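Working notes for the structure below.
Numbering (the numbering used here), first residue to last: 496 to 606.
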């Protein structure tokens, strides 16, 4: 599944989704390197639930998470599990996790 960030006010746009036909029968590991505001995570979880995945079978995996994102996921989907290696301080006015890791995609793809 690929989501395009259309801005915080506009939400995220689902660009691509190719999920197994039997995904409703599986446990799903939803991976996102940084959980910031929680908007993308919640949109992804919503797509999975609409496809038939039970909320309790979704595990959100991230390297770094901000408290705001964790709270949003748990308020929206209380049965989803979140696993992270670090909880950073907050999301700043530019919707960036601080101290964070910078732009994860740029670091990962050496951009």
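Glycine is no exception: its CB is placed at the ideal position from the N, C-alpha and C atoms. Everything numeric in this text was worked out from a predicted model, so none of it was measured.
Given a threshold of 16 other Cβ atoms within 10 Å of its Cβ, counted over all protein chains shown, does residue 526 qualify as buried or as exposed?
Locating residue 526 in the chain shown gives position 31, where the first residue counts as 1. With fewer than 16 other Cβ atoms within 10 Å, it is exposed.
Just verifying my parser: in three-state terms, what is the DSSP assignment at residue 530?
Numbered from its first residue, the chain shown carries residue 530 at position 35. Looking at residue 530 - three-state DSSP - the assignment turns out to be strand.
Is residue 537 helix, strand or coil by DSSP?
Residue numbering aside, residue 537 sits at position 42 when the chain shown is read from its first letter. Here residue 537 sits in helix by DSSP.
Is the beta carbon of residue 557 sitting closer than 9 Å to the one on residue 575?
Here residue 557 refers to the residue found at position 62 when the chain shown is read from its first residue. Here residue 575 refers to the residue found at position 80 when the chain shown is read from its first residue. The answer is no: Cβ separation not under 9 Å.
Determine the extent of the beta strand (DSSP E) in which residue 567 is found, giving its start and end residues.
Translated into the one-based positions of the chain shown, residue 567 becomes position 72. Segment 562-571 is the alpha helix (DSSP H) holding residue 567; no beta strand (DSSP E) there.
Just the C-alpha distance for residue 563 and residue 516, rounded to the nearest angstrom, thanks.
Here the question's residue 563 lines up with position 68 in the chain shown. Here the question's residue 516 lines up with position 21 in the chain shown. Using only the alpha carbons, I get a separation of about 33 Å.
Should the stretch 529-540 be called in touch with the stretch 584-595, which here means at least 3 C-beta pairs below 8 Å?
yes
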